[in-house]
Amino acid sequence: MAQTPKNIAIVGSGLVGSLLGIYLKRKGHLVTVFDRRPDIRTVEFSGRSINLAMSNRGWKALRAVGLEDEVRKIAIPMYQRAMHVNDKPVYFQKYGKENEAIWSIGRGILNRRMIDLSEAEGVEFRFNEKVWDVNLPTASLYTGETEKGDWKEYQFDMIFGCDGAFSRVRHKMQRRSRFDYSQDFIDVGYKELTIPPNEDGTHALDNNSFHIWPRGKFMLIALPNLDGSFTCTLFLPFEGEVSFENITTKKEAKAFFKQYFPNVRKQIENLTEDFFKNPTSAMVTMKCYPWTYWNKVALVGDSAHAVVPFYGQGMNAGFEDIYVLNQFIEKHGDDWDAIFSDYQKSRKPNADAIAELSYRNFIEMSSKTAEPTFLLQKKIEKHFANKHPDKWVPVYSRVTFSERPYAEALQIGDKQEEIMKEVMQLPNIEEKWNAIEVEEKILSLLSN
Numbered sequence: 030m031a032q033t034p035k036n037i038a039i040v041g042s043g044l045v046g047s048l049l050g051i052y053l054k055r056k057g058h059l060v061t062v063f064d065r066r067p068d069i070r071t072v073e074f075s076g077r078s079i080n081l082a083m084s085n086r087g088w089k090a091l092r093a094v095g096l097e098d099e100v101r102k103i104a105i106p107m108y109q110r111a112m113h114v115n116d117k118p119v120y121f122q123k124y125g126k127e128n129e130a131i132w133s134i135g136r137g138i139l140n141r142r143m144i145d146l147s148e149a150e151g152v153e154f155r156f157n158e159k160v161w162d163v164n165l166p167t168a169s170l171y172t173g174e175t176e177k178g179d180w181k182e183y184q185f186d187m188i189f190g191c192d193g194a195f196s197r198v199r200h201k202m203q204r205r206s207r208f209d210y211s212q213d214f215i216d217v218g219y220k221e222l223t224i225p226p227n228e229d230g231t232h233a234l235d236n237n238s239f240h241i242w243p244r245g246k247f248m249l250i251a252l253p254n255l256d257g258s259f260t261c262t263l264f265l266p267f268e269g270e271v272s273f274e275n276i277t278t279k280k281e282a283k284a285f286f287k288q289y290f291p292n293v294r295k296q297i298e299n300l301t302e303d304f305f306k307n308p309t310s311a312m313v314t315m316k317c318y319p320w321t322y323w324n325k326v327a328l329v330g331d332s333a334h335a336v337v338p339f340y341g342q343g344m345n346a347g348f349e350d351i352y353v354l355n356q357f358i359e360k361h362g363d364d365w366d367a368i369f370s371d372y373q374k375s376r377k378p379n380a381d382a383i384a385e386l387s388y389r390n391f392i393e394m395s396s397k398t399a400e401p402t403f404l405l406q407k408k409i410e411k412h413f414a415n416k417h418p419d420k421w422v423p424v425y426s427r428v429t430f431s432e433r434p435y436a437e438a439l440q441i442g443d444k445q446e447e448i449m450k451e452v453m454q455l456p457n458i459e460e461k462w463n464a465i466e467v468e469e470k471i472l473s474l475l476s477n
């Protein structure tokens, strides 16, 4: 359905803001993006990012505006997890079926590319322009150098908040009556580290794998970059016996890497240097509702639903928001009340589901992936799924390699977990994990 052109502001020039700009511009709207930060294309980008893992939902949103091929040029496919458990050789766990992969992309590289593509469509970007206030009923924005100084007023038809977990736009909506809001920090922080390329420019580890060093209460992950390096993220409790608080000198940092990550010995100098150079960041789950105000203001991406990064779905979920919003635009044309109403009702249950799944995956990745019973359970599930692909799709595949709702993945995943609890209680399950008896047990539990 065609739309009457509107004058639209987007607050936030991150991945979600720049993609939304492209979608709205293609619908004929005038689009201006505001960002309090400088243009990311002019600054060194480092120290606070976890490499992105683009999966089906993200690709689908890019494909709809013809950008998929453009973005694949800067991405590396990861077909499997590489598990680094001490005293064992590295072992690999395939993510999905043959050729199913998640794609590693540097956040800074992708963000720069998205802004270029957005500008090429005719979206206007205003960097270093801080939004301090929003008048919701009139869709006016107020920007200025400081919160106490002089402000400039901009008048729009509509405003989209794409300004992240600590959104200024949402902050204004929070003051309204009956606005639900919660934020929940986990007691684990993260720090970005780097494994440089080998001297000949090749990758020091397998470059088509997502590397994990699970260590119970903490873990290290590494994702490949095009230049031969790996972006690593150390997830570690803020306080406690092994924690950020207890690593204060280079000597302590070196001892920490030596003890817990012996197979990255060659990189220890580098990791130790990054450890003190890069900031320690916190992780938050943020939920709120409603996401829209009249037909004037809407929240998209992290400003509506920030999640912890352990399912690699933050960007994918934000891109999917835009795809779904666009479907309602096509359906309702100029009826923005209906568009906003359907958008938030459709997305909210899925945002809550991916928040829950992401938190659970943190527990799974850091502690369970190294447990024998967990690995046996996964082995049984995989064996059964291969024989009955129509009856059993693992929850990871439902989230990552499908476009079905997150809420459905959570619900089915819970049911599968109940079934597996019973299966794991069977006597001598270690010996007969692939026996016909086990298969029949799962089939009977599924049919109940």
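Residue numbers 30 to 477, in our numbering, belong to the letters of the sequence shown in order.
In this text, a Cβ means the ideal position worked out from N, Cα and C, and glycines have one as well.
Inter-residue Cα distance where the pair is residue i and residue j
i    : j    : result
D98  : K89  : 11 Å
K117 : H232 : 21 Å
F259 : R389 : 25 Å
R244 : G269 : 15 Å
M248 : S211 : 27 Å
S375 : D350 : 9 Å
R207 : I358 : 27 Å
H58  : V152 : 9 Å
D331 : P378 : 15 Å
F264 : P166 : 42 Å
K408 : P423 : 11 Å
F214 : R66  : 24 Å
A104 : Q203 : 37 Å
W161 : P226 : 43 Å
M453 : Q122 : 20 Å
N237 : F391 : 22 Å
D381 : A367 : 22 Å
P401 : V114 : 12 Å
Check whether residue i and residue j have beta carbons under 9 Å apart
i    : j    : result
T71  : Y183 : no
V336 : I383 : yes
F239 : Y124 : yes
L53  : I37  : yes
D68  : F185 : no
L252 : M107 : yes
L475 : I448 : yes
D216 : P266 : yes
L19  : Y435 : The structure shown has nothing for residue 19, since the chain only spans 30 to 477.
A282 : F305 : yes
DSSP-derived helix/strand/coil call for residue i
i    : result
M187 : strand
N115 : coil
Y108 : coil
T231 : coil
I368 : helix
T262 : strand
V217 : strand
P34  : coil
I51  : helix
P423 : coil
I276 : coil
L96  : coil
Beta bridge counterpart(s) of residue i as assigned by DSSP
i    : result
Y210 : C317
D162 : Y171
Y322 : V326
E153 : T61
L404 : The partner list for L404 (beta bridge, DSSP) is empty, contrary to what the question assumes.
F239 : R110
H334 : K316
M143 : Looking at the DSSP assignment, M143 forms no beta bridge with any residue, so it has no partner.
Q18  : This structure leaves residue 18 out entirely; the chain is present only between 30 and 477.
E182 : Y171
A251 : H240, C261
* Quick check: the stretch 33–51 against the stretch 189–209, are there 3 or more CB pairs under 8 Å? -> yes
* Could you tell me whether the stretch 355–371 touches the stretch 217–230, where touching means 3 or more Cβ pairs closer than 8 Å? => no
* Asked: Do the stretch 439–446 and the stretch 415–431 make contact, defined as three or more Cβ pairs closer than 8 Å?
  -> In short, these stretches touch, since the Cβ pair count reaches three.
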